[in-house]
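Reading through the structure tokens given below for one structure.
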Amino acid sequence: MPLPSTEKININEESDDEKGNTSKIESIVLPKRSSRSNKEKSPDRFGYPANENKNDPENYKEVLSRSDENKWLEVIEEEMKSLYNNHTWDLVKLPKGKKPIGCKWTFKGKLCV
Numbered sequence: 001m002p003l004p005s006t007e008k009i010n011i012n013e014e015s016d017d018e019k020g021n022t023s024k025i026e027s028i029v030l031p032k033r034s035s036r037s038n039k040e041k042s043p044d045r046f047g048y049p050a051n052e053n054k055n056d057p058e059n060y061k062e063v064l065s066r067s068d069e070n071k072w073l074e075v076i077e078e079e080m081k082s083l084y085n086n087h088t089w090d091l092v093k094l095p096k097g098k099k100p101i102g103c104k105w106t107f108k109g110k111l112c113v
């Protein structure tokens, strides 16, 4: 695998600091960027498979088909209120020709210890 490389950009500008001193900036070296691909699933040794609860719902549709549906819906409503109260996003009209971004809910129950 090749090592990440740095990139040098020539800009030839002058800059003033707080004291009024002027210095000439000739170039900037950009940080190294990794060329690794992270599209593969991480090995199990990096996860916590022992803490996984196989009984958690995979999606909203599965929440609606469960016997404890009311508990999950209560938690969903609480989370939505929190997102709204914290001004996490603003609802705006979608511009023509643009697609809305999606989201995915992750449902995890707390394990009693």
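Per the UniProt record's numbering, the sequence shown starts with residue 1, numbered consecutively. No residue lacks a Cβ here, since even glycine has one placed at the ideal position from N, Cα and C.
Query                                                                                               : Result
Is it buried or exposed for TRP89, if we count other Cβ within 10 angstroms and need 16 for buried? : exposed
Quickly, what does DSSP pair VAL92 with across the bridge? List them, please.                       : The partner list for VAL92 (beta bridge, DSSP) is empty, contrary to what the question assumes.
Could you spell out where the alpha helix (DSSP H) holding SER82 opens and where it closes?         : 69-85
Hey, how far is the Cα of SER65 from the Cα of GLU74?                                               : 15 angstroms
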